[in-house]
Amino acid sequence: MKKAIVFIGILTLFSVGLFAIGESGGSVFDMNSGARPASMAGVFIAKADDINSIWYNPAGIANIGSYELGFTYDKNVAGIRNAFV
Numbered sequence: 061m062k063k064a065i066v067f068i069g070i071l072t073l074f075s076v077g078l079f080a081i082g083e084s085g086g087s088v089f090d091m092n093s094g095a096r097p098a099s100m101a102g103v104f105i106a107k108a109d110d111i112n113s114i115w116y117n118p119a120g121i122a123n124i125g126s127y128e129l130g131f132t133y134d135k136n137v138a139g140i141r142n143a144f145v
């Protein structure tokens with residue numbers, strides 16, 4: 061009986077980390093590509109039907125009805141710059 065209680069106690073201690081919500085410290089570098097996805101706060105995956113869908117949901121390319129060209133320039137913290145064509 062004592063072994064079972066010790067085993068359950070150890071199992072409980074090791075499983076606590078499974079329910080912890082992780083957040084990476086680099087989330088400030090999670091950059092949106094395109095004006096429309098950035099204005100939608102990154103929830104563009106459900107409505108990915110333009111040229112920016114390649115960054116969020118590549119299957120959304122099938123929904124593009126015409127030729128599109130997109131330009132994006134981001135200047136972020138620490139002098140980090142991104143440009144997409």
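The opening residue of the sequence shown carries number 61 in my numbering; numbering runs sequentially from there. Note that beta-carbon positions come from the ideal geometry of N, C-alpha and C, so glycine has one too.
From which residue to which residue does the beta strand (DSSP E) around residue i run?
{"i": "Y127", "result": "Careful: Y127 lies outside any beta strand (DSSP E) and carries neither H nor E."}
Run through DSSP, which three-state label would residue i get?
{"i": "A138", "result": "helix"}
{"i": "A106", "result": "helix"}
{"i": "I114", "result": "helix"}
Taking the alpha helix (DSSP H) that residue i belongs to, which residues open and close that run?
{"i": "A119", "result": "A119 -> no alpha helix (DSSP H), and no H or E assigned at all."}
{"i": "A98", "result": "95-99"}
{"i": "F67", "result": "62-75"}
Going by Cα to Cα distance, which pick from the options is closest to residue i?
{"i": "D134", "options": "A101, K62, F144", "result": "F144"}
{"i": "S99", "options": "T132, M61, S126, R141", "result": "T132"}
{"i": "R141", "options": "S93, A106, P118, I124", "result": "S93"}
Quickly, what does DSSP pair residue i with across the bridge? List them, please.
{"i": "T132", "result": "F144"}
Grab me the residues of residue i's own chain with a C-beta within less than 7 Å of its C-beta, minus the 5 sequence neighbours each way, in chain order.
{"i": "I114", "result": "I121"}
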